[in-house]
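Participant: Dumping the structure here so I can ask a few things about it.
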Amino acid sequence: MILQKIFLKLKSAQVADSWVMHTSAMQQVVKTCLKLFNFLAPNLPFWRRVKAGSFGVGNQIHPAAIIDYGRVTIGDCCSIGKNVVIEKNTIIGNHVTLREGAVIGSEGFELRRLAGEIIPVAHLGGVIIHDNVCIGSRVCIDKSSFGEYTEIGESTVILDGVEVGHNIKIGKEVIVSEGTMIGGYSKIGDRVRIGKKCSIADGLSLGDDAVIPDYAVVTRDVKKAS
Amino acid sequence: MDMKLSEWLLEKTEIIRDGSFSSLGMVYTRNPRQIVCVTRESDILKISQNPSVSCVITTPALVEKIPDTIGIVSSGDPRSAFFALHALLCHLPEFTLQPFANRISASSKIHPSARIMANSVEIGNNVVIEKNVVINEQTVIDEGSIVRSNSVIGCIPPAPGGAAAGLLSQPSGGVHLHREVDIHANTCIHRALFKGYTEIGKQSKIDNLDTIGQGTIIGERCLICAGVIIGESVSIGDDGWIGPNVSLDNQIAIGKNVYITIGSTVTQDIDDNKVVKDNYALDRERFRKVMRGM
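Protein sequence lines correspond, in order, to chains A and B.
Just so you know, my numbering puts 205 at position 205 of the first sequence, and the rest follows in order with no gaps.
Going from the second sequence to my numbering is simple: count from 1 and add 1000.
If you want it as structure tokens, here you go:
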């Protein structure tokens, strides 16, 4: 948690745009720290945060689905389609539908440009999918950085070809239509409806009951509908 | 091997000026002595700046504007004539990459569900290939690269747009991923249609659900976000950022250090150090100053 706060502070506009961060010495320091973190994170048991997986009853799982058994928790009466990939640290509730080709819990797109190199940030978190969620085919849901969870709320429907970035919290009864891209660190309230092919920038919060039309590009916060 | 234009006279075409060629290419590519297809007036400036163009297939309206040193074929439908020529030539050994035995490094981690073709695949040291990945022929992956779940590297490009119906695309090139490239889930990278590679530069990262067209060359340290659709034969300079849901048109050149914002559509060339907002290209340094002042 402390690490995440430090990281978000470094990412914020006041710090990232200041001259201190643009000096080569500071860039080298941050780069070395990130490389050290990336090296230590997957190797130390303290960071690994893997829960023992469990399986409910009445699940319909296609034999071609690839699930990291032992590190994935799946509830009761779920249906999982062909070629679905579920990576470690994923928690799935009851009555969840995952259609063909969905990828749950892959690495997020969190990269830093430091001293003429691109350094990725190792993701240690996971994904929580609550009850009665329906996820369409070819949907990608990335896992969170720093041991948090990407959350999809109850009774949410995500249609085909949607990208849900890292550290996203989606509320209850949300509908996300086809081809929408949602950037990292966004918070989406309850009962929000998002149209087809929308692009939602990172770090936004969409209030409850908001409606976003098709093909919209959202770069500012959206208030709660009154 | 040099081919004479007059030896390869196609149906419904007319040779205005004879010439010779030894490879096929697009307006931006630098194949030696290439024949290209020109349909837009803006392409004529580019071929006059490109010394490797030796022949052109074009429309009758553009014939007079072509430089004197270049051989010309005129056709009512230059794109289908060009791909028909490609379909004839792709069986010759000079116009296609040669197959080789697989070279897969022992230190690479390949998931058992990944499907790798039986020949012409080269995989370097410490490469990670995850679940359900398909890797087709003529793919070269350098050391330290990662290809994540459900991606397809080297898929066959769809039948060329504007070409005659029923003409299958027969790719003769491949895909080359340089060092430390990271390709995320559900991404498709098409094989180059002509002899050569679809290239992705060193340390470039490509997010989920992207499609990268045939013959595209991406520079070093580029970040390409989710849902980006890149057309065929696009060239992208170093240090670029391409935001989510951007689409790039076919055959355009994007300079170095370009920032294309979320949801833009790019149909023209972009110079170095620009910010693209919707359909407008702005100077990046000036844009940053204005945004700081707000």
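Using N, Cα and C, we set each Cβ at its ideal position, and we do this for glycine too.
Within 10 Å of its beta-carbon, does Gln28 (chain A) have 16 or more other beta-carbons around it, so buried, or fewer, so exposed?
Facilitator: Label assigned to Gln28 (chain A): exposed.
Participant: Under 7 Å Cβ-Cβ, which residues of chain B neighbour Leu111 (chain A)?
Facilitator: Those within 7 Å of Leu111 (chain A) in chain B are Lys1205, Leu1223.
Participant: Rounded to a whole number of angstroms, what is the C-alpha to C-alpha distance between Leu1005 (chain B) and Gln1049 (chain B)?
Facilitator: Looking at the two C-alpha atoms, the distance is approximately 22 Å.
Participant: With Ser199 (chain A) and Pro1244 (chain B) assumed to form a contact (beta carbons below 8 Å), what rounded beta-carbon distance in angstroms separates them?
Facilitator: Going by Cβ atoms, the distance from Ser199 (chain A) to Pro1244 (chain B) rounds to 5 Å, so yes, they are a contact pair.
Participant: In chain order, what residues of the same chain lie with their CB nearer than 7 Å to the CB of Ser1322 (chain B), ignoring the 5 residues before and after it?
Facilitator: In the structure as shown, chain B begins at 1001 and stops at 1294. Residue 1322 (chain B) is therefore absent and cannot be evaluated.
Participant: Considering only the beta carbon of each residue, do Leu34 (chain A) and Phe146 (chain A) sit closer than 8 Å?
Facilitator: The answer is no: Cβ separation not under 8 Å.
Participant: Of all Cβ atoms in chain A, is any one closer than 8 Å to the Cβ of Pro1158 (chain B)?
Facilitator: Not closer than 8 Å to any Cβ of chain A, the Cβ of Pro1158 (chain B) fails to qualify, so no.
Participant: Taking 8 Å as the threshold (beta carbon to beta carbon), is Asn1186 (chain B) in contact with chain A?
Facilitator: Closer than 8 Å: yes.
Participant: Please say whether Gly171 (chain A) and Lys196 (chain A) have beta carbons closer to each other than 8 Å?
Facilitator: No, they are not a contact pair.
Participant: Checking 8 Å against the spacing of the C-beta atoms, do Ala115 (chain A) and Lys31 (chain A) come in under that value?
Facilitator: In this structure, Lys31 (chain A) lies closer than 8 Å to Ala115 (chain A) by Cβ.
Participant: Any C-beta of chain B sitting closer than 8 Å to the C-beta of Asn94 (chain A)?
Facilitator: Answer no: the Cβ-Cβ gap between Asn94 (chain A) and chain B never drops below 8 Å.
Participant: Which residues in chain A have a C-beta closer than 8 Å to the C-beta of Lys1131 (chain B)? List them in chain order.
Facilitator: Ordered by position in chain A, the residues that pass the 8 Å Cβ test against Lys1131 (chain B) are Ile66, Val85.
Participant: Starting from Met1003 (chain B), follow its DSSP beta bridges and name the residues at the other end.
Facilitator: For Met1003 (chain B), which the question treats as bridged, DSSP gives the partners B:Phe1021.
Participant: Taking only the alpha-carbon atoms, compute the straight-line gap between Ser1075 (chain B) and Gln1214 (chain B) and give it to the nearest angstrom.
Facilitator: Computed Cα separation, rounded: 24 Å.
Participant: Could you tell me whether any Cβ in chain A is nearer than 8 Å to the Cβ of Arg1148 (chain B)?
Facilitator: Yes, contact with chain A.
Participant: Please report the straight-line C-alpha distance between Val1056 (chain B) and Ser1022 (chain B), rounded to a whole angstrom.
Facilitator: Spanning the two alpha carbons is a distance of roughly 13 Å.
Participant: Taking a Cβ distance cut-off of 7 Å, strictly less, list which residues of the region 1092-1122 of chain B are near chain A, in chain order.
Facilitator: Residues passing the 7 Å Cβ filter: Ser1113.
Participant: Taking contact to mean 3 or more Cβ pairs, one atom from each stretch, closer than 8 Å, check whether the region 204-224 of chain A and the region 1054-1074 of chain B are in contact.
Facilitator: Segments in contact, no.
Participant: Work out the CA separation of Val15 (chain A) and Asn1031 (chain B) for me, nearest whole Å.
Facilitator: Rounded to the nearest angstrom, the two C-alpha atoms are 46 Å apart.
Participant: What are the residues that DSSP puts in a beta bridge with Asn1119 (chain B)?
Facilitator: The partner list for Asn1119 (chain B) (beta bridge, DSSP) reads B:Ala1101.
Participant: Could you round the C-beta distance between Gly1231 (chain B) and Tyr1197 (chain B) to whole angstroms and report it? I think they count as a contact, below 8 Å.
Facilitator: That belief does not hold up - the Cβ atoms of Gly1231 (chain B) and Tyr1197 (chain B) are roughly 17 Å apart, past 8 Å.
Participant: So which residues of chain A does Asp1249 (chain B) contact, with C-beta pairs closer than 9 Å?
Facilitator: Here the premise fails: no neighbours, minimum Cβ distance about 17 Å.
Participant: Measure from the alpha carbon of Ala1226 (chain B) to the alpha carbon of each residue in A:His166, A:Gly189, A:Ala210, then state which is nearest.
Facilitator: Considering only alpha carbons, the answer is A:His166.
Participant: What is the C-beta distance between Gly189 (chain A) and Gly207 (chain A), in whole angstroms, given that I count them as a contact (C-beta under 8 Å)?
Facilitator: At roughly 5 Å, the Cβ-Cβ gap stays under 8 Å, so Gly189 (chain A) and Gly207 (chain A) are in contact.
Participant: Should the region 1132-1149 of chain B be regarded as contacting the region 1108-1122 of chain B, the criterion being three or more beta carbon pairs within less than 8 Å?
Facilitator: Segments in contact, yes.
Participant: With 8 Å as the threshold, decide whether the Cβ of Ala1226 (chain B) is near any Cβ in chain A.
Facilitator: Yes, its Cβ sits closer than 8 Å to a Cβ of chain A.
Participant: Give the straight-line distance between the Cα atoms of Ser1080 (chain B) and Met26 (chain A), rounded to the nearest whole angstrom.
Facilitator: Rounded to the nearest angstrom, the two C-alpha atoms are 55 Å apart.
Participant: Would the region 54-62 of chain A count as touching the region 128-137 of chain A if we require 3 or more Cβ pairs under 8 Å?
Facilitator: Touching, no.
Participant: Going along the chain, which residues of its own chain have a beta-carbon closer than 8 Å to the beta-carbon of Ile1153 (chain B), five neighbours each way excluded?
Facilitator: If we look at Ile1153 (chain B) and ignore the five residues flanking it on each side, its Cβ neighbours are Val1133, Val1134, Ile1135, Asn1136, Thr1139, Ile1141, Val1147, Val1175, Leu1177, Ile1183, Ile1189.
Participant: Is there at least one Cβ from chain B nearer than 8 Å to Lys197 (chain A)'s Cβ?
Facilitator: Judged by the 8 Å Cβ criterion, Lys197 (chain A) is in contact with chain B.
Participant: Taking the C-alpha atoms as reference points, what is the distance between Met181 (chain A) and Met1291 (chain B)?
Facilitator: Between Met181 (chain A) and Met1291 (chain B), the C-alpha separation is close to 25 Å.
Participant: Kindly indicate if chain B contains any beta-carbon less than 8 Å away from that of Val103 (chain A).
Facilitator: Yes, contact with chain B.
Participant: Using a Cβ-Cβ distance cut-off of 8 Å, determine whether Arg138 (chain A) contacts chain B.
Facilitator: Cβ-Cβ to chain B under 8 Å: yes for Arg138 (chain A).
Participant: In chain B, which residues lie with their C-beta within 7 Å of the C-beta of Gly53 (chain A)?
Facilitator: What Gly53 (chain A) touches in chain B: nothing, since even the nearest Cβ is about 17 Å away.
Participant: Can you have a look at Glu1130 (chain B) and say buried or exposed, based on whether 16 or more other CB atoms are within 10 angstroms of its CB?
Facilitator: Counting Cβ neighbours within 10 Å, Glu1130 (chain B) comes out buried, since at least 16 surround it.
Participant: Which whole-angstrom value is the C-beta distance of Ile1035 (chain B) and Ser1054 (chain B), which I expect to be below 8 Å?
Facilitator: Indeed they touch by this definition, with Cβ atoms about 7 Å apart.
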